[in-house]
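Only one structure is covered here, and it is reproduced in the block below.
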Amino acid sequence: MTTPQENSSPLSESTLAARGGWVGEFTTRTSSPPIYMTTAFDIHSLEQLDAVASGQEKGYIYTRDGNPNHEAFANDVARLEGAEAGVVTASGMGALTAVLMAMVKSGEHVLAARVLYGRTGQLLNHLAASFGLQVTYFDVADPEALRSLVTPETKLCIVESISNPLLEVADLPRLAAAIGSVPLLVDSTFGTPCLIRPIEHGATLVWHSVSKYLNGHGDVMAGVVVGPHGLLRKIRAMSSLYGVNANPFESWLASRGLRTLPLRMERVSQTALTVAAFLEQHPRVTKVFYPGLASHPDHALAQK
Numbered sequence: 009m010t011t012p013q014e015n016s017s018p019l020s021e022s023t024l025a026a027r028g029g030w031v032g033e034f035t036t037r038t039s040s041p042p043i044y045m046t047t048a049f050d051i052h053s054l055e056q057l058d059a060v061a062s063g064q065e066k067g068y069i070y071t072r073d074g075n076p077n078h079e080a081f082a083n084d085v086a087r088l089e090g091a092e093a094g095v096v097t098a099s100g101m102g103a104l105t106a107v108l109m110a111m112v113k114s115g116e117h118v119l120a121a122r123v124l125y126g127r128t129g130q131l132l133n134h135l136a137a138s139f140g141l142q143v144t145y146f147d148v149a150d151p152e153a154l155r156s157l158v159t160p161e162t163k164l165c166i167v168e169s170i171s172n173p174l175l176e177v178a179d180l181p182r183l184a185a186a187i188g189s190v191p192l193l194v195d196s197t198f199g200t201p202c203l204i205r206p207i208e209h210g211a212t213l214v215w216h217s218v219s220k221y222l223n224g225h226g227d228v229m230a231g232v233v234v235g236p237h238g239l240l241r242k243i244r245a246m247s248s249l250y251g252v253n254a255n256p257f258e259s260w261l262a263s264r265g266l267r268t269l270p271l272r273m274e275r276v277s278q279t280a281l282t283v284a285a286f287l288e289q290h291p292r293v294t295k296v297f298y299p300g301l302a303s304h305p306d307h308a309l310a311q312k
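Residue numbers (our numbering): 9 to 312.
Here it is in structure tokens:
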């Protein structure tokens with residue numbers, strides 16, 4: 009058996025084993041982004057720790073607060089959506105939680121579309137019952153009626169670009185005009201930036217359940233929210249504080265899935281229209297909800 013004294017290295021076997029797995033610096037770049045599967049990052053000094061923590065120096069300290077894989081995926085989605093910045097979370101509901109914690113307080117008012125993903129409504133109702141959040145639901149098909157619902161305490165308006173599951177299409181420019189300076193948060197999970205870019209139509213923030221189309225392979229549970237730098241700093245802080253951050257491997261998988269998003273969405277849309285048209289003519293089907301069909305009440309809006 010080799011003893012520590014017989015090693016050519018001055019370090020013990022225990023130290024060598026514990027600190028292994030590294031290679032020296034190299035100048036060629038990996039063709040595929042690496043996975044930064046680490047809980048923490050080495051800091052050289054207390055001065056560097058202060059500089060990174062304050063944002064004066066770019067770097068990472070603890071993966072709950074930030075990680076290169078999270079940043080890469082969030083930035084890619086932000087670019088696709090035409091936003092300034094993004095934050096990755098553990099799920100779409102995690103993204104919504106971080107937004108709500110950053111933007112509203114007990115007693116303040118939120119407007120929400122009556123037709124929303126079920127868990128979104130459940131979360132809003134829970135916050136209303138347990139923490140005094142004021143929530144008013146409205147008909148997304150009647151933007152003008154929304155004007156009268158805005159109060160000085162209204163801090164956020166929540167809609168879906170294409171609703172889950174009935175596929176109602178929101179007239180985002182009219183909704184944004186109706187609420188004035190109130191931030192508009194759009195769940196665009198069903199829309200994706202390949203079909204609609206809500207920020208171009210008046211949205212302040214856009215959020216996705218990455219588990220659906222953005223990743224597209226059924227093997228990731230994550231969320232992402234994108235928008236202006238100022239708001240995203242607050243949302244990122246709440247994501248870290250409440251522990252709703254994603255893990256590096258899932259962000260890496262989501263980045264991989266994003267590469268084929270335009271191809272997949274084109275095929276998804278073609279297939280969905282074919283299936284919807286077939287079902288609409290089927291004698292055993294009473295109603296088909298698909299905005300690509302002329303029979304859908306939002307068909308004209310969806311074509312814009």
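Glycine is no exception: its CB is placed at the ideal position from the N, C-alpha and C atoms.
Please read all numbers here as calculations on a predicted model, not as lab measurements.
Taking residue i and residue j to be in contact with their CB atoms under 8 angstroms, please state how far apart those CB atoms are, rounded to whole angstroms.
{"i": "L119", "j": "L157", "result": "6 angstroms"}
{"i": "V233", "j": "G94", "result": "7 angstroms"}
{"i": "F252", "j": "T144", "result": "The sequence given here places Val at residue 252; Phe does not occur at that position. The pair is not a contact, with the Cβ atoms about 25 angstroms apart (cut-off 8 angstroms)."}
{"i": "A211", "j": "L180", "result": "6 angstroms"}
{"i": "G224", "j": "G265", "result": "5 angstroms"}
{"i": "V85", "j": "L203", "result": "At roughly 14 angstroms, the Cβ-Cβ gap does not stay under 8 angstroms, so V85 and L203 are not in contact."}
{"i": "D227", "j": "L261", "result": "6 angstroms"}
{"i": "L135", "j": "I187", "result": "About 20 angstroms; that fails the 8 angstroms criterion."}
{"i": "S171", "j": "V107", "result": "Incorrect: roughly 18 angstroms between the Cβ atoms, too far for contact."}
{"i": "G90", "j": "E208", "result": "6 angstroms"}
{"i": "L287", "j": "V293", "result": "5 angstroms"}
{"i": "M45", "j": "F257", "result": "6 angstroms"}
Between the Cα of residue i and the Cα atoms of the options, which residue gives the shortest distance?
{"i": "T159", "options": "F139, G115, R122 and V194", "result": "G115"}
{"i": "S248", "options": "T23, L301, A302 and I69", "result": "I69"}
{"i": "S259", "options": "E65, A110, Y221 and E79", "result": "E79"}
{"i": "T47", "options": "N77, A86, G90 and P236", "result": "N77"}
{"i": "S217", "options": "K295, P201 and E208", "result": "P201"}
{"i": "P173", "options": "Y125, R155 and L131", "result": "Y125"}
{"i": "L239", "options": "A121, V31, K163 and M101", "result": "K163"}
{"i": "L104", "options": "W215, T282 and E168", "result": "W215"}
{"i": "M111", "options": "N83, D73 and L141", "result": "L141"}
{"i": "L88", "options": "V177, P206, K113 and R127", "result": "P206"}
{"i": "A310", "options": "F49, V177 and G28", "result": "V177"}
{"i": "A121", "options": "F139, L131, I166 and R127", "result": "I166"}
{"i": "A71", "options": "K295, M109, N255 and Q130", "result": "According to the sequence displayed, residue 71 carries Thr and not Ala. Considering only alpha carbons, the answer is N255."}
{"i": "F49", "options": "S40, N75, R27 and T38", "result": "N75"}
{"i": "M246", "options": "V60, E65, M109 and T38", "result": "M109"}
{"i": "L131", "options": "L213, D150, M101 and K113", "result": "M101"}
{"i": "K113", "options": "N133, F139 and R37", "result": "F139"}
If we count the other Cβ atoms within 10 Å of its Cβ and call it buried at 16 or more, is residue i buried or exposed?
{"i": "F146", "result": "buried"}
{"i": "E152", "result": "exposed"}
{"i": "H117", "result": "buried"}
{"i": "A184", "result": "buried"}
{"i": "P305", "result": "exposed"}
{"i": "L54", "result": "exposed"}
{"i": "E274", "result": "exposed"}
{"i": "F81", "result": "buried"}
{"i": "P291", "result": "exposed"}
{"i": "S303", "result": "exposed"}
{"i": "S263", "result": "buried"}
{"i": "S99", "result": "buried"}
{"i": "D58", "result": "exposed"}
{"i": "L19", "result": "exposed"}
{"i": "R244", "result": "buried"}
{"i": "P42", "result": "exposed"}
{"i": "E33", "result": "exposed"}
{"i": "T35", "result": "exposed"}
{"i": "E320", "result": "No answer is possible for residue 320: the residues shown for the chain start at 9 and end at 312."}
{"i": "L24", "result": "exposed"}
{"i": "G235", "result": "buried"}
{"i": "S219", "result": "buried"}
{"i": "A284", "result": "buried"}
{"i": "S22", "result": "exposed"}
{"i": "P299", "result": "buried"}
{"i": "D195", "result": "buried"}
{"i": "P12", "result": "Because P12 carries a pLDDT of 45, less than 50, the predicted location of this residue cannot be relied on, and the following value inherits that uncertainty. Label assigned to P12: exposed."}
Could you pull the DSSP bridge partners for residue i from this structure?
{"i": "G94", "result": "V234"}
{"i": "Y68", "result": "BP columns for Y68 are empty, so no partner."}
{"i": "A82", "result": "In the DSSP output, where bridge partners are listed per residue, A82 has none listed."}
{"i": "A48", "result": "Y70"}
Are the C-beta atoms of residue i and some chain C residue less than 8 angstroms apart?
{"i": "K113", "result": "The structure shown contains no chain C; it is built from a single protein chain."}
Contained beta strand (DSSP E) runs [length at least 3] in the region 114-191, N- to C-terminal order: 117-121, 142-146 and 162-168
In chain order, each alpha helix (DSSP H) run of at least 4 residues that lies wholly inside the region 262-307: 269-288
What are the start and end residues of each continuous beta strand (DSSP E) run of 3 or more residues lying completely inside the region 192-273, in chain order? 192-195, 213-217 and 231-235
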